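Inspection log for the structure reproduced underneath, given as structure tokens.
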Amino acid sequence: MGLKILATGRALPSRLVTNDDLAQVMETSDEWIASRTGIRQRYFCGEGEGNTALAVSACRRAIARAGIDPAEIGLCLAATFTPDHASPSLACEVHGALGLPESTPAFDINAACTGFLAALETARCLLAGGNLRGKYALVFGSEVISRVLDPADRSTAVLFGDGTGAAVVTLSKQHPFVSLLGARGDAEILRAGGSSQADRYVRMEGKAVFRFATQIVPACIDQLLERAGCGLDEVDWVVCHQANGRIIDHVVRKLGAPEEKFYKNIHRYANTSAASIPIALDEMCENGLIRTGQRVLCVGFGAGLTWGGALLTF
Ligand code: UT7
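Here is the structure:
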């Protein structure tokens, strides 16, 4: 059974932080950040802003655009590694704020930057399982990574941003959905949010993550296309997790693919982890880039290590 995205929504916090702003507080420069990553700015949560408020705002937008009654939402899934609380989950906080039905389960999925794609496939399986009360699922990737950035570590502090991307989805035979998810246990090269103070911040071996990404993303795209029985020429857009523009350029070269098929918005938001793919989808729908009937291939990778892809039909 396929999956249809009825509508999307996004929310960004109020504090816009440019590369030049960061250069005022740490040894870095717009030139270094932009040339190594493509990032020009990011949004950080300020005083009084948090993950729940961001997620609620993006979800409200998606629900309003879908034109559905929230009482018909049968599942509420958050993809995040930066919830406001370890417990209750972000999904439960959003469930409460939106007043979703008591029969609607809510829980978080943590697959780091692959989280939104893992949540979409989980939603599809649960909707298809037939035990939910409502026919729609609310699925969102939402992160406040600024809380786990070490201002003393310029090699990570410049790379990430906060934000939420949300989608309302439902089962549909007319909207084929092919998914691929995997993991390669390696807890050392990228981690965050440890319980001790010393282990709290994002720590990353940038070059090792770069090597992983440029190997796994083309492999994942190839496997997904094989599973779907189609070629890249039959796909209208590729939306890679926005971690580094140079990773996307590598993937384009490795696949010999047309560059214009690969969407990039990392210059605006930096790496928003689980939120990056749904934010991109929302922006593309809003700007009329994705049209009805088009095929969009999404691919993610992140801490864990996790990786995954989904071929969606709009
Ligand atoms: O969601 C998944 C998350 N992560 C990723 O996808 C990240 C993948 N990795 C990368 O994108 C790249 O490895 C980075 C952009 C993180 C780093 O680029 P790099 O070309 O691998 O740089 P590097 O770590 O080898 O550092 C090169 C130099 C070093 O100086 P020296 O030792 O050559 O003198 C760093 O200290 O750049 C220095 N450096 C900086 N300089 C200015 C590191 N961070 C900065 C900075 N500003 N922010």
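Heads up: the sequence shown begins at 259 in this note's numbering, then just goes up one per residue.
C-beta atoms are modelled at their ideal positions from N, C-alpha and C, and glycine is treated no differently.
Predicted model, so just to flag it, every value in this text is computed and none were measured.
Just to check, is the beta-carbon of residue i closer than 7 Å to a non-hydrogen atom of ligand 1?
i: residue 368; result: no
i: residue 464; result: yes
i: residue 495; result: no
i: residue 396; result: no
i: residue 348; result: no
i: residue 295; result: yes
i: residue 560; result: yes
i: residue 374; result: no
i: residue 468; result: yes
i: residue 483; result: no
i: residue 413; result: yes
i: residue 525; result: no
i: residue 475; result: no
i: residue 499; result: yes
i: residue 417; result: yes
i: residue 263; result: no
i: residue 277; result: no
i: residue 506; result: no
i: residue 407; result: no
i: residue 424; result: no
i: residue 441; result: no
i: residue 570; result: no
i: residue 400; result: no
i: residue 471; result: yes
i: residue 531; result: yes
i: residue 290; result: yes
i: residue 478; result: no
Identify which residue in the options has its Cα closest to the Cα of residue i.
i: residue 541; options: 265, 452 and 259; result: 265
i: residue 270; options: 304, 364, 344 and 297; result: 304
i: residue 459; options: 483, 490, 500 and 414; result: 414
i: residue 457; options: 445, 467 and 468; result: 445
i: residue 387; options: 367, 428 and 409; result: 428
i: residue 262; options: 408, 434, 442 and 335; result: 434
i: residue 532; options: 320, 371, 331 and 549; result: 371
i: residue 439; options: 473, 447 and 373; result: 373
i: residue 522; options: 336, 510 and 538; result: 538
i: residue 567; options: 378, 383 and 551; result: 378
i: residue 452; options: 407, 508 and 336; result: 407
i: residue 268; options: 536, 554, 571 and 572; result: 536
i: residue 491; options: 498, 479, 502 and 499; result: 479
i: residue 312; options: 550, 560, 530 and 549; result: 530
i: residue 474; options: 449, 525, 513 and 554; result: 513
i: residue 293; options: 504, 398 and 418; result: 504
i: residue 338; options: 524, 450, 356 and 323; result: 450
Exposed or buried, residue i, counting other C-beta atoms within 10 Å across all chains shown (16 or more means buried)?
i: residue 284; result: exposed
i: residue 328; result: buried
i: residue 462; result: buried
i: residue 343; result: exposed
i: residue 454; result: exposed
i: residue 516; result: exposed
i: residue 289; result: exposed
i: residue 366; result: buried
i: residue 410; result: exposed
i: residue 300; result: buried
i: residue 382; result: buried
i: residue 562; result: buried
i: residue 404; result: buried
i: residue 420; result: buried
Considering only DSSP beta bridges, list what residue i is partnered with.
i: residue 529; result: 418
i: residue 437; result: 568
i: residue 559; result: 565
i: residue 423; result: 268 and 399
i: residue 465; result: DSSP output for residue 465 lists no bridge partner at all.
i: residue 444; result: 562
i: residue 263; result: 427
i: residue 276; result: 299
i: residue 553; result: 571
i: residue 449; result: 461
Under 7 Å from any heavy atom of ligand 3, does the C-beta of residue i make it?
i: residue 286; result: Here the bound small molecules are ligand 1; ligand 3 is not part of this structure.
Original post:
Could you give the uninterrupted runs of the alpha helix (DSSP H) lying entirely in the segment 320–376, keeping only those of 4 residues or more?
Top reply: 348–356
**Study point:** Segments assigned beta strand (DSSP E), at least 3 residues, entirely inside the segment 278–302
**Key:** 299–302
(message) My parser needs the alpha helix (DSSP H) runs of 4 or more residues fully inside the segment 372–403; what are they?
(response) 373–387
> What residue ranges within the segment 473–520 form continuous beta strand (DSSP E) runs of no fewer than 3 residues, ordered along the chain?
Replying inline: 495–498
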